[in-house]
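*Asks:* Please read through the structure below; I'll follow up with questions.
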Amino acid sequence: MRWTMWVVLALLVGCAQSSTSNGCQFERHGCNGLPPQGALNVLAKQITNELTNNHHNPIEDKVVAVSTPVALDGFGNSDQFALQLGDALLSALHQQGFTVVDLNSGDVVRVTQSGNLLLSRDIEQLPNSLEVDHVVVATMGSSSDSVQIFTRILALDGNKVVATSQTSVNWRDLPNYYKPSRLVTLEHGKLFRHAKVGEGEVTQWNH
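Below is the structure:
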């Protein structure tokens, strides 16, 4: 009987340790139970909620397109995080009830050895025009510990700003995308040497 009790206790302890380990598998970014991709989806939903709450005129019945977020200091510069955030925003806006068009959707399905494909970044394979009322645009900046995302919805009729969102997210919540700066960093075209790692602007992993 005693042996049976010891075995049961040992199993319970093992289960408790296993449960704790599984619950904190994302400990390196706060152990909040969300994988990095999940945190990105939460971020997109937060931005969408702010846009919905801050718009001046009803826009849920308008056709909206999502552009790729770009860097504050270079409107022609994007990256892997921005590409994924753009797709996450498209999904979040649709779930919020917006009518969203995909700018990368082609006219026809292309049957290739790689699969049956519709999406494309080749302008020759995309429609000549789309019926769009509003466009979501976003710019991104960074500090020593976080990434700032400034999002707005523009009406194509006059480029009027109809909704805005300002969001800051700690890089630790996006560890698959960002990391602390090195001792020497290149920021806005200038070299900086810092006293210690992490004092400069956060940087992205090379994907």
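Residue numbering for the sequence shown is -23 to -1, 1 to 184, as defined by mature numbering (1 follows the signal peptide of the UniProt record, and there is no 0). Every residue gets a Cβ at the ideal spot worked out from N, C-alpha and C, and that includes glycine.
1) How many Å lie between N105 and D84 at the Cα?
2) Apart from the five residues just before and just after S68, which ones in its own chain have a Cβ nearer than 8 Å to its Cβ?
3) Given a cut-off of 8 Å on the beta-carbon distance, is the pair H71 and A140 in contact?
4) Based on the DSSP output, what are the partners of A21 in its beta bridges?
5) With a threshold of 16 other CB atoms inside 10 Å of the CB of I100, please say whether the residue is buried or exposed.
6) Whether or not the region 124 to 132 and the region 31 to 50 are in contact is what I'm after, with contact meaning three or more pairs of Cβ atoms, one per stretch, closer than 8 Å; do they touch?
7) Could you check the C-alpha separation between V179 and A132 for me, to the nearest Å?
8) Quick check: the Cα distance between G118 and Q61, rounded to an integer number of angstroms?
9) Between L151 and A16, what straight-line distance do the alpha-carbon atoms span, to the nearest angstrom?
*Replies:* The structure says:
1) Roughly 9 Å between the two C-alpha positions.
2) Answer for S68: N18 and A21, listed in chain order.
3) No, they are not a contact pair.
4) As far as DSSP is concerned, A21 takes part in no beta bridge.
5) So I100 ends up on the exposed side.
6) Segments in contact, yes.
7) Their Cα atoms are separated by approximately 33 Å.
8) When the Cα atoms are used, G118 and Q61 turn out to be separated by approximately 16 Å.
9) Using only the alpha carbons, I get a separation of about 7 Å.
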